[in-house]
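Numbering (the numbering used here), first residue to last: 91 to 334.
Inspection log for the structure reproduced underneath, given as structure tokens.
This is the structure we're talking about:
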């Protein structure tokens, strides 16, 4: 389906960077989705007070040619990944598969998809994500209550569905797999519960499991940061874990 109006109204750039990060090195980002069209309305999100459109519906907002045309203005030498990320959930782009194919044809730089994990239970999304050289999925709680409080998901998204989707997707994914666990004080910061989530994710043998605290100024400024030191034992228990 085509839905070009929303992106035009946002007047946002499709491509940005390069961006340097401790987790993924140097990346050039591509935003396939308008600002805050997302499947989550996370309490820690730094982009906007509320998600503009909370949905699981997939649409095409920008064409492959538009992406490639803008990307040509960005040098890729020394870049570790071309990342599909940006202002909304990238897997909601109905043409994500075509974009990944085109990037592979035009560039030798690996393609990374930075997803909040909400759509991984959808069979078409699983199939398309398998084309990416690397995938980051966020999964922050096995508890339905904490999952809902933290992510404020679109209708139809539950922790159990996402967990099952992760199991299905990873069963045949051959690329580099990253997981992210976002911890927020008073919601999902209990060490024993975080350990259970990490144990669940570790069975899929990811390259890294990143325990992240939302240190950047978010929209819900009442949030408090949990103590980083609380989770350092998990780095010793699980080789894949990194605490930020």
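Quick reminder that beta carbons are idealized off the backbone N, C-alpha and C, glycines included.
Residue of the options minimising C-alpha distance to residue i
{"i": "residue 329", "options": "223, 189, 205 and 288", "result": "288"}
{"i": "residue 242", "options": "121, 255 and 145", "result": "145"}
{"i": "residue 323", "options": "316, 285 and 303", "result": "285"}
{"i": "residue 332", "options": "269, 255 and 278", "result": "269"}
{"i": "residue 126", "options": "104, 176 and 162", "result": "176"}
{"i": "residue 162", "options": "271, 251, 119 and 110", "result": "119"}
{"i": "residue 212", "options": "108, 254, 234 and 296", "result": "254"}
{"i": "residue 224", "options": "304, 233, 117 and 317", "result": "117"}
{"i": "residue 189", "options": "136, 321, 159 and 164", "result": "159"}
{"i": "residue 272", "options": "304, 265 and 252", "result": "304"}
{"i": "residue 147", "options": "245, 191 and 166", "result": "245"}
{"i": "residue 226", "options": "136, 263 and 238", "result": "263"}
{"i": "residue 193", "options": "171, 179, 207 and 182", "result": "171"}
{"i": "residue 196", "options": "108, 165 and 124", "result": "165"}
{"i": "residue 220", "options": "121, 266 and 109", "result": "266"}
{"i": "residue 280", "options": "105, 252 and 319", "result": "319"}
{"i": "residue 206", "options": "107, 178 and 301", "result": "178"}
{"i": "residue 167", "options": "325, 121, 199 and 300", "result": "199"}
{"i": "residue 283", "options": "135, 234 and 106", "result": "234"}
{"i": "residue 111", "options": "300, 238, 317 and 325", "result": "300"}
{"i": "residue 169", "options": "124, 182 and 109", "result": "109"}
{"i": "residue 296", "options": "321, 238, 228 and 232", "result": "228"}
{"i": "residue 143", "options": "136, 131 and 186", "result": "131"}
Check whether residue i and residue j have beta carbons under 9 Å apart
{"i": "residue 133", "j": "residue 173", "result": "no"}
{"i": "residue 129", "j": "residue 248", "result": "no"}
{"i": "residue 184", "j": "residue 203", "result": "no"}
{"i": "residue 236", "j": "residue 278", "result": "yes"}
{"i": "residue 314", "j": "residue 275", "result": "yes"}
{"i": "residue 240", "j": "residue 157", "result": "no"}
{"i": "residue 230", "j": "residue 180", "result": "no"}
Where the beta strand (DSSP E) containing residue i begins and where it ends
{"i": "residue 228", "result": "224-228"}
{"i": "residue 299", "result": "298-302"}
{"i": "residue 233", "result": "Note, residue 233: premise wrong, no beta strand (DSSP E); not H, not E."}
{"i": "residue 266", "result": "266-272"}
{"i": "residue 107", "result": "105-111"}
Beta-bridge partners of residue i, as assigned by DSSP
{"i": "residue 173", "result": "119 and 202"}
{"i": "residue 183", "result": "149"}
{"i": "residue 127", "result": "143"}
{"i": "residue 331", "result": "299"}
Segment limits, alpha helix (DSSP H) that includes residue i
{"i": "residue 323", "result": "322-327"}
{"i": "residue 287", "result": "281-292"}
{"i": "residue 254", "result": "249-260"}
{"i": "residue 155", "result": "154-161"}
{"i": "residue 214", "result": "213-219"}
Heavy atom of the ligand COA within 8 Å of residue i beta-carbon
{"i": "residue 263", "result": "This structure lacks the ligand COA, and indeed carries no ligand of any kind."}
- Validate contact between the stretch 145-152 and the stretch 289-296 using beta carbons, cut 8 Å, 3 pairs: No, the stretch 145-152 is not in contact with the stretch 289-296.
- Item | Meets three-Cβ-pair contact criterion under 8 Å: the stretch 258-277 and the stretch 210-222 | Yes, the stretch 258-277 is in contact with the stretch 210-222.
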